[in-house]
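Participant:
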Ligand code: M6R
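Numbering (my numbering), first residue to last: 434 to 1026.
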C-alpha cells in the first residue's frame, strides 16, 4: 500500500526520492508525489499515475535541504491530483505524507472546520496535517503539536512531516503502518521498508507503534506517547542487499520468484533442520502439543497455505480451525480452553492480522507468527516467530512465500511427529520443482490456450482443492480473468450450471484416494463441452493429461502443483500483456483494513 520516503541534506535528494519511490512501487499505488523544502519554501509535485510520470514533473535539478515522497493507494477519495500526497496545512506551515487510515477523521475534520480550517481533498491525511497546524498555532512546538495530534488519531499511520521553519529536519510518527529509519554516512533516511535505503544506509531502526520524533543529518530523536516506554534506540544491519532486489536477468519478479522455489525449500530445511535434529524452539513445540486447538489466521495466499497447514495438523490428531483474518477480527470464535494461534503472513504487516493479534493479546493465548519479514509488526507482537527465509518477495502475486509457508508447516508437523525422514521427502520435492521449471514451455502452451477465456474453473479434492483455490486467486490477480475454484464433488451441487462449451477447467490430481472421483467429475464437465486440462502426477497419470508432475509424497504435492498454477497465471498474464508484477488495484502489503 502507500509508500513513504524522506531524507535531509542528501546531495542526490531528487534521485533518492524518485528511485526510492520506484523501489516501493511493488507495494501497489495509483498516485505519487514529492515535496522539497528550501529556505522556508516548500514545493510539491504530485499526480495520479506512475513514478515515471512524477519523474517527468519534478525538475531535473532541485535545490533543497530536505524532501519527502509518497506513493498513494487510494482509500479515501479517488486517485486524482487533489487527493495525491503530500498534503499541506492551510497556512502552509506543515506538509506531510501518510500511510494508513484514520478512522475518526470525519469528527476531527468537523472540529477543525469549526475553527475555520478548510479542506480541498477527500483524504483523511489532510485532516492530520491541519490538526498539527491547529495545535502548533496554540503555541506548542512542532514536536508537541505532533504528539498532541497523534494522541487524537484512531486508526493507523506512518507519517513523514516537513515544517516550513525547520528546513533540515523531518518529523515522523507511526502506529500500525511500517516505518524504518536508515543511517547513512552523512545523513538519515526514512522509508516504509528497507528497499529505498539499501544503496544509502548501512544500519536501520524499525520505528515501533506510538513512537514519534524527528531525523536530522546527524541526529535522530525518538519519543514514545508513553514516556515510560522511551528508551535508547539501536540500529541494526540487514541481510538484504541491492543485489537481492535486482531482477537478475529475469523479465519479471514473479518469474524470478517462482524459479527461486527449489532454493527456498532448501533454505527452510537448512534453517530448521540440522544434523538429524529439528531446530524449532522446544517451548513452542511443547505449547503446540499442549494446545487443545490450533487456530490459523491469514489472508489471501497465506490463507491458502494455512488451509494446507490445517490438514497437516489435523492428520496428526490436532483440532484445527482456519479463519480469514478479516472475518475473525470481527467474529472471533474460539471454542477451546487452551488454543494456540498461528498467524501466517508474508509481509508481517497485514492490517487485518494486526487487528486479530490485538484480540489474541487480550485473551492471553500463545501466538506463533510465521512471516517472511523479520522485525515486522507481527513478528514483534508474537510470542514465537518462525521466519520463512524466502528472501524479499517483490511481485505483488505471492509465489515463493507460499512455497516457504507450506514447506515450513510440513517441517513443523514433522517435528511434532518426530519424523526425520522429511529431509528425504524435501530432496524429492526440490528435484521435482527443477523438473517442472525445465518443462515450463509446456505450461506456457496451456496458458496460451486458456488466456482468451472470460472465465476459468479450477477443481481439486483434498490438498488439490487447496491448490485449486490458490491457482484461482493467482489467475484473477494478474490476468483479470474471472475464475473460481471448487472441490470436484461440489460441482453437481450448483457450479456445474456455469460450465458450457469451451470453458477451461483446470484440475489438479495428486491423491490416489480421490483421483478416480475427480476424474469422473471431469467427465461430467467434458460432457458439457468444457476444455479440461488435468495436472496429474506420474503415479496417477492418464494419456490425455495436460501436464504431469514428478511423484512426491502426497502431503507435499501442493509444493509442486502450485508451481504449475503459478506458471499458468504468469504466462497467461504475459501473453495478455498485463502489468504482471504490479497488477491493477492491488498492493503487496495490505496495511489498511
Ligand atoms: O503479507 P501477507 O501474507 O499477510 O498478505 C496476504 C495477502 O494480502 C496476499 O497473500 C495476497 O493475497 C497476494 N497478493 C496473493 O498473491
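Yeah, the Cβ is synthetic: ideal placement off N, Cα and C, and Gly gets one too.
Source: prediction; values computed, not measured.
Which two residues bound the contiguous alpha helix (DSSP H) that contains residue 791?
Facilitator: The residue you call residue 791 lines up with position 358 of the chain shown. Segment 784–796, the alpha helix (DSSP H) holding residue 791.
Participant: In the DSSP assignment, what are the bridge partners of residue 731?
Facilitator: Position 298 of the chain shown, counted from the first residue, corresponds to residue 731. Per DSSP, 757.
Participant: By the 10 Å Cβ neighbour count, where 16 or more other Cβ atoms means buried, how is residue 791 classified, buried or exposed?
Facilitator: Indexing the chain shown from 1 puts residue 791 at position 358. It is exposed - the Cβ of residue 791 has fewer than 16 other Cβ atoms within 10 Å.
Participant: Any contact between the segment 751–767 and the segment 691–711? By contact I mean 3 or more CB pairs, one from each, below 8 Å.
Facilitator: Output reads no: the segment 691–711 does not touch the segment 751–767.
Participant: Can you name the start and end residues of the alpha helix (DSSP H) that residue 704 belongs to?
Facilitator: Looking up residue 704 in the chain shown gives position 271. Here the alpha helix (DSSP H) through residue 704 covers 694–705.
Participant: Can you tell me which of the three DSSP states residue 439 falls into?
Facilitator: Along the chain shown, one-based indexing puts residue 439 at 6. If DSSP states are grouped into helix, strand and coil, residue 439 belongs with the strands.
Participant: Residue 929 by DSSP, collapsed to three states: which one?
Facilitator: As a first step, residue 929 is located in the chain shown; it is residue number 496 there, counting from the start. Note: residue 929 maps to helix in three-state DSSP.
Participant: Once the 5 residues before and after residue 712 are set aside, which same chain residues still bring their CB inside 8 Å of it?
Facilitator: In the chain shown, residue 712 corresponds to position 279, counting from 1. The residues are 704, 705 and 706.
Participant: Please go through the same chain and pick out, in chain order, the residues whose beta-carbon is closer than 8 Å to the beta-carbon of residue 815, but skip the five residues on each side of it.
Facilitator: What you label residue 815 is simply residue 382 of the chain shown in a count that begins at 1. Closer than 8 Å at Cβ, skipping near neighbours: 776, 790, 800, 801 and 802.
Participant: Would you mind sorting residue 674 into buried or exposed? The rule is 16 or more other CB atoms within 10 Å of its CB.
Facilitator: Counting from 1 along the chain shown, the entry for residue 674 is found at position 241. The residue in question, residue 674, is exposed, as its Cβ has fewer than 16 Cβ neighbours within 10 Å.
Participant: Quick one: does the C-beta of residue 732 sit closer than 7 Å to a heavy atom of the ligand M6R?
Facilitator: Within the chain shown, numbered from 1, the residue matching residue 732 stands at position 299. Under cutoff, so the answer is yes.
Participant: Taking just the CA atoms, how far does residue 965 sit from residue 477?
Facilitator: The residue given as residue 477 occupies position 44 in the chain shown. The residue given as residue 965 occupies position 532 in the chain shown. Their backbone Cα atoms lie some 54 Å apart in a straight line.
Participant: Does DSSP classify residue 674 as helix, strand or coil?
Facilitator: Within the chain shown, the letter at position 241 stands for residue 674. DSSP places residue 674 in coil when its eight states are reduced to three.
Participant: Which first and last residues belong to the beta strand (DSSP E) in which residue 941 is found?
Facilitator: Here residue 941 refers to the residue found at position 508 when the chain shown is read from its first residue. 937–941 is the span of the beta strand (DSSP E), which, as asked, contains residue 941.
Participant: How many whole angstroms separate the CB atoms of residue 666 and residue 631, which I take to be in contact at a CB cut-off of 8 Å?
Facilitator: As a first step, residue 666 is located in the chain shown; it is residue number 233 there, counting from the start. As a first step, residue 631 is located in the chain shown; it is residue number 198 there, counting from the start. 20 Å between Cβ atoms; not a contact.
Participant: Quick check: does the Cβ of residue 849 come within less than 7 Å of any heavy atom belonging to the ligand M6R?
Facilitator: Sequence index remark: in the chain shown, residue 849 carries index 416 (1-based). Flag unset: Cβ of residue 849 not near the ligand M6R.
Participant: If the criterion is Cβ atoms closer than 8 Å, does the pair residue 500 and residue 597 meet it?
Facilitator: On the chain shown, position 67 is the one that residue 500 refers to. On the chain shown, position 164 is the one that residue 597 refers to. No. Outside cutoff.
Participant: Give a single yes or no on whether residue 821 has its beta carbon closer than 7 Å to a heavy atom of the ligand M6R.
Facilitator: Position 388 of the chain shown, counted from the first residue, corresponds to residue 821. It does not: the Cβ of residue 821 is nowhere closer than 7 Å to a heavy atom of the ligand M6R.
Participant: With a threshold of 7 Å on Cβ separation, who are the neighbours of residue 714 within its own chain once the five nearest residues in sequence on each side are excluded?
Facilitator: For the purposes of this step, residue 714 is taken as residue 281 along the chain shown, with counting starting at 1. Answer for residue 714: 817, listed in chain order.
Participant: Measuring CA to CA, which of 699, 637 and 685 is closest to residue 669?
Facilitator: As a first step, residue 669 must be located in the chain shown, where it is residue number 236. For residue 669, the nearest C-alpha among the options comes from 637.
Participant: Short check: CB of residue 479 to CB of residue 489, under 8 Å?
Facilitator: Along the chain shown, read from residue 1 onward, the residue named residue 479 stands at position 46. Along the chain shown, read from residue 1 onward, the residue named residue 489 stands at position 56. Not in contact: residue 479 and residue 489 (Cβ atoms no closer than 8 Å).
Participant: Count the other CB atoms within 10 Å of the CB of residue 589; is the residue buried (16 or more) or exposed (fewer)?
Facilitator: Stepping through the chain shown from its first residue, residue 589 is reached at position 156. By the 10 Å Cβ count, residue 589 comes out buried.
Participant: Relative to the alpha-carbon of residue 533, which residue among 543, 701 and 560 has its alpha-carbon at the smallest distance?
Facilitator: On the chain shown, residue 533 is found 100 positions in, with the first residue counted as 1. Ranking 543, 701 and 560 by Cα distance to residue 533 puts 560 first.
Participant: Could you check whether the segment 904–915 touches the segment 1016–1024, counting it as contact only if at least three pairs of C-beta atoms, one from each stretch, sit closer than 8 Å?
Facilitator: Counting Cβ pairs under 8 Å, three or more are found: they touch.
Participant: Does the segment 648–668 come close enough to the segment 984–999 that 3 or more CB-CB pairs lie under 8 Å?
Facilitator: No, the segment 984–999 is not in contact with the segment 648–668.
Participant: Can you have a look at residue 851 and say buried or exposed, based on whether 16 or more other CB atoms are within 10 angstroms of its CB?
Facilitator: By 1-based counting over the chain shown, the position of residue 851 is 418. The residue is exposed, with fewer than 16 neighbouring Cβ atoms inside 10 Å.
Participant: Just the Cα atoms here: how many angstroms apart are residue 939 and residue 744?
Facilitator: Stepping through the chain shown from its first residue, residue 939 is reached at position 506. Stepping through the chain shown from its first residue, residue 744 is reached at position 311. Distance between the alpha carbons of residue 939 and residue 744 is about 22 Å.
Participant: Using a threshold of 7 Å, is the CB atom of residue 780 nearer than that to any non-hydrogen atom of the ligand M6R?
Facilitator: Counting from one through the chain shown, the residue named residue 780 turns up at place 347. Checking every heavy atom of the ligand M6R against the Cβ of residue 780, one is found closer than 7 Å.
Participant: Any chance the CB of residue 636 is under 7 Å from a heavy atom of the ligand M6R?
Facilitator: The count along the chain shown starts at 1 and reaches residue 636 at position 203. No - the ligand M6R has no heavy atom lying nearer than 7 Å to the Cβ of residue 636.
Participant: Who are the Cβ neighbours of residue 496 in its own chain at under 7 Å, not counting the five residues just before and after it?
Facilitator: Taking the chain shown and counting its residues from 1, one reaches residue 496 at position 63. Within the same chain, residue 496 has close Cβ partners 471.
Participant: Taking 7 Å as the cut-off, is the beta-carbon of residue 906 closer than that to any non-hydrogen atom of the ligand M6R?
Facilitator: In the chain shown, counting from the first residue as 1, residue 906 sits at position 473. Yes; taking the cut-off as 7 Å, the Cβ of residue 906 has a heavy atom of the ligand M6R nearer than that.
Participant: Determine the DSSP secondary structure at residue 607, reduced to helix, strand or coil.
Facilitator: Here residue 607 refers to the residue found at position 174 when the chain shown is read from its first residue. Three-state DSSP puts residue 607 in a strand.
Participant: By a C-beta neighbour count over all protein chains shown, 10 Å radius and 16 as the cutoff for buried, is residue 933 buried or exposed?
Facilitator: By one-based count along the chain shown, residue 933 stands at place 500. It counts as exposed.
Participant: Over the uninterrupted beta strand (DSSP E) stretch that includes residue 1027, give me the two end residues.
Facilitator: In the structure as shown, the chain begins at 434 and stops at 1026. Residue 1027 is therefore absent and cannot be evaluated.
Participant: To which residues does DSSP link residue 590 through a beta bridge?
Facilitator: In the chain shown, the residue the question calls residue 590 occupies position 157. 608 and 609.
Participant: Taking the alpha-carbon of residue 443 as reference, which of 827, 828, 620 and 542 has the nearest alpha-carbon?
Facilitator: In the chain shown, residue 443 corresponds to position 10, counting from 1. Answer by Cα proximity: 620.
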